[in-house]
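Below: one structure, written as structure tokens.
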Amino acid sequence: KQEVTQIPAALSVPEGENLVLNCSFTDSAIYNLQWFRQDPGKGLTSLLLIQSSQREQTSGRLNASLDKSSGRSTLYIAASQPGDSATYLCAELYGNNRLAFGKGNQVVVIP
Amino acid sequence: DTEVTQTPKHLVMGMTNKKSLKCEQHMGHRAMYWYKQKAKKPPELMFVYSYEKLSINESVPSRFSPECPNSSLLNLHLHALQPEDSALYLCASSQVGVGGGNQPQHFGDGTRLSIL
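Those protein sequence lines, which keep their order, are chains A and B.
So that you can map any letter, position 81 of the first sequence is 81 in this note's numbering, and since no number is skipped, the others follow by simple counting.
Just remember that this note's numbering sits 111 ahead of the position in the second sequence, which is counted from 1.
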């Protein structure tokens, strides 16, 4: 059974600091790993997807890495802003288009 | 703006009502999904349609009945729901990847469902 872990459940950082969010997974045979953002009462916004053959993906201030051997992915957000406050979910894609989600990191960026 | 559109945004219904949730996408995706999300929890997969055919049913109670009338539309028919079915219902879509899938899923904003 796929298990995806995100610790801590919640964190606060002052504006301007870099955010580092960690995701651990148990399945080394993953197809890909996807990071999402969810604002309260809203759906999921896809941030980055890392294919199993890739080591990292970048989009603007966001960078996500994937280390299959250690079962870890890290989402790095540079120079955090109050608008980055949200819940961040990582999800592992495995057989038949199934996504296994972590429980998320609830982030608050303090102005 | 999300590319997956869900209606209605909010729905309140009694336990004896019949209602439907709708989802639409025009990205040419051939896989569509229903998820259920309770407060402070991650989404849980309910159903997957691939090429308009049901490919995954995660042991969902029969009071939830999915339908995929064409490649752009996905419905979830609701009947005789229970209070514990109150949740955010999310629709997603993706390309169907070779070898089981390697494509990102795109989510709608969800329907907030409350059962009285």
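Where a beta carbon is used, it is the ideal one built from N, C-alpha and C, also for glycine.
All of these numbers come straight from a predicted model, not from anything done at the bench.
8 Å Cβ cutoff met for residue i and residue j
{"i": "Leu132(B)", "j": "Tyr144(B)", "result": "no"}
{"i": "Cys179(B)", "j": "Leu185(B)", "result": "yes"}
{"i": "Gln54(A)", "j": "Ala86(A)", "result": "no"}
{"i": "Leu165(B)", "j": "Pro177(B)", "result": "yes"}
{"i": "Val123(B)", "j": "Asn97(A)", "result": "no"}
Local Cβ density within 10 Å of residue i, reported as buried at 16 or more and exposed below that
{"i": "Lys147(B)", "result": "buried"}
{"i": "Gln136(B)", "result": "buried"}
{"i": "Tyr162(B)", "result": "exposed"}
{"i": "Gln34(A)", "result": "buried"}
{"i": "Ala78(A)", "result": "exposed"}
{"i": "Val20(A)", "result": "exposed"}
Neighbourhood of residue i by C-beta distance below 6 Å, restricted to the same chain and skipping five residues each side
{"i": "Gln216(B)", "result": "Ala203 and Ser205"}
{"i": "Asn22(A)", "result": "Thr74"}
{"i": "Ala100(A)", "result": "Gln2, Val4 and Glu92"}
{"i": "Ser24(A)", "result": "Thr5, Gly71 and Arg72"}
Identity of the residue in the options nearest residue i by Cα
{"i": "Val115(B)", "options": "Cys134(B), Ser161(B), Leu192(B) and Ser225(B)", "result": "Cys134(B)"}
{"i": "Leu172(B)", "options": "His190(B), Lys164(B), Tyr160(B) and Ser166(B)", "result": "The amino acid occupying residue 172(B) in the given sequence is Pro; Leu does not appear at that position. For the residues His190(B), Lys164(B), Tyr160(B) and Ser166(B), the minimum Cα distance to Pro172(B) belongs to His190(B)."}
{"i": "Phe218(B)", "options": "Ser225(B), Leu227(B), Lys130(B) and Leu199(B)", "result": "Leu199(B)"}
{"i": "Val13(A)", "options": "Gly83(A), Tyr31(A), Phe36(A) and Leu89(A)", "result": "Gly83(A)"}
Cβ shell of residue i (< 8 Å), same chain only, five flanking positions each side left out
{"i": "Glu56(A)", "result": "Ile50, Asn63, Ala64, Ser65 and Leu66"}
Boundaries (first-last residue) of the beta strand (DSSP E) holding residue i
{"i": "Val13(A)", "result": "Ala10 to Pro14"}
{"i": "Ile110(A)", "result": "Asn105 to Ile110"}
{"i": "Ser225(B)", "result": "Thr222 to Ile226"}
{"i": "Lys152(B)", "result": "Unbroken run through Lys152(B): none, as it is neither H nor E."}
Spatial neighbours of residue i in its chain, beta-carbon cut-off 7 Å, leaving aside the 5 residues before and after
{"i": "Asp27(A)", "result": "Gln2, Glu92 and Tyr94"}
{"i": "Gln81(A)", "result": "Glu15 and Val109"}
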